[in-house]
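In my numbering, the protein residues as written are 6 to 226.
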């Protein structure tokens, strides 16, 4: 198991970058009537940054732009990526009950920090640090929401580019020493995803894209 200080050192830059996003969510949630306990439960049980922002956007107009079922499908399709992420990055453990909480704590940020050769304890601590950062930052934002005038809150863009931030963090998990074959494979997958966006649509391409990417990577590794 890796030394605690080394784990903290690996987590610190990512957790630091995550905090403003969590604070932003907490502020927006507080301004929309979510109290301290609601934000705590929402962040702890949901724990999906992009999904929480999307939900808040739908909640803002009482789900009038989309129905409840459509909102559920969209948020689910955004987060179904965690299934292949869990499959490829879960260390072997004897007690499989441990994996319930372990899987719940998975996030794009923790996946970017973890290494395949890390053991279960190292992965778990990384996920706890990221999870705790998200919880604390959203609660800070919710507390600050009472101090920010209502007219200023509309200057905050609820469609904050979470996806680009998470993409950057995920790229940290790709080593610079990739072979040419693997580089070509990543280019191929990128072009495949672009094609799926064009063929289907930006909202629903996630499910087939994740399945195809996982199958191709599984066959090549």
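Think of the CB as a built atom: it goes at the ideal place given N, C-alpha and C, for glycine as much as any other residue.
State the DSSP-derived secondary structure class of residue i, mapped to helix, strand or coil.
i: residue 224; result: helix
i: residue 131; result: helix
i: residue 18; result: helix
i: residue 150; result: coil
i: residue 77; result: helix
i: residue 207; result: coil
i: residue 199; result: helix
i: residue 70; result: coil
i: residue 122; result: coil
i: residue 139; result: helix
i: residue 165; result: Confidence in residue 165 is poor, its pLDDT being 44 and thus under 50, which makes the residue's placement unreliable; the coordinate value appears in the next sentence. Coil.
i: residue 1; result: With the chain covering 6 to 226 only, the question about residue 1 has no answer from this structure.
i: residue 2; result: Residue 2 is absent from the structure shown; the chain starts at 6 and stops at 226.
i: residue 218; result: helix
i: residue 10; result: helix
i: residue 173; result: Bear in mind that a pLDDT of 49 at residue 173, under 50, signals an unreliable position, so the model cannot answer this.
Indicate whether residue i and residue j have their beta-carbon atoms separated by less than 7 Å.
i: residue 108; j: residue 91; result: yes
i: residue 143; j: residue 27; result: yes
i: residue 150; j: residue 36; result: yes
i: residue 44; j: residue 147; result: yes
i: residue 85; j: residue 215; result: yes
i: residue 33; j: residue 61; result: yes
i: residue 59; j: residue 80; result: yes
i: residue 145; j: residue 48; result: no
i: residue 138; j: residue 46; result: no
i: residue 136; j: residue 110; result: yes
i: residue 204; j: residue 213; result: no
Check each candidate in the options and name the one with the smallest Cα separation from residue i.
i: residue 227; options: 205, 112, 212 and 121; result: With the chain covering 6 to 226 only, the question about residue 227 has no answer from this structure.
i: residue 115; options: 215, 16, 219 and 9; result: 16
i: residue 219; options: 195, 135, 12 and 122; result: 195
i: residue 12; options: 217, 125, 223 and 39; result: 125
i: residue 191; options: 204, 225 and 49; result: 225
i: residue 209; options: 67, 33, 78 and 66; result: 78
i: residue 83; options: 204, 52, 97 and 25; result: 52
i: residue 94; options: 88, 199, 121 and 30; result: 121
i: residue 8; options: 118, 21 and 130; result: 130
When we look at the beta-carbon of residue i and count the other beta-carbons within 10 Å, is it buried (16 or more) or exposed?
i: residue 14; result: exposed
i: residue 103; result: exposed
i: residue 189; result: exposed
i: residue 63; result: buried
i: residue 223; result: exposed
i: residue 38; result: exposed
i: residue 132; result: buried
i: residue 117; result: buried
i: residue 123; result: buried
i: residue 99; result: exposed
i: residue 21; result: exposed
Every unbroken alpha helix (DSSP H) within the region 79-112, with a cutoff of 4 residues, ordered by chain: 87-93 and 103-109
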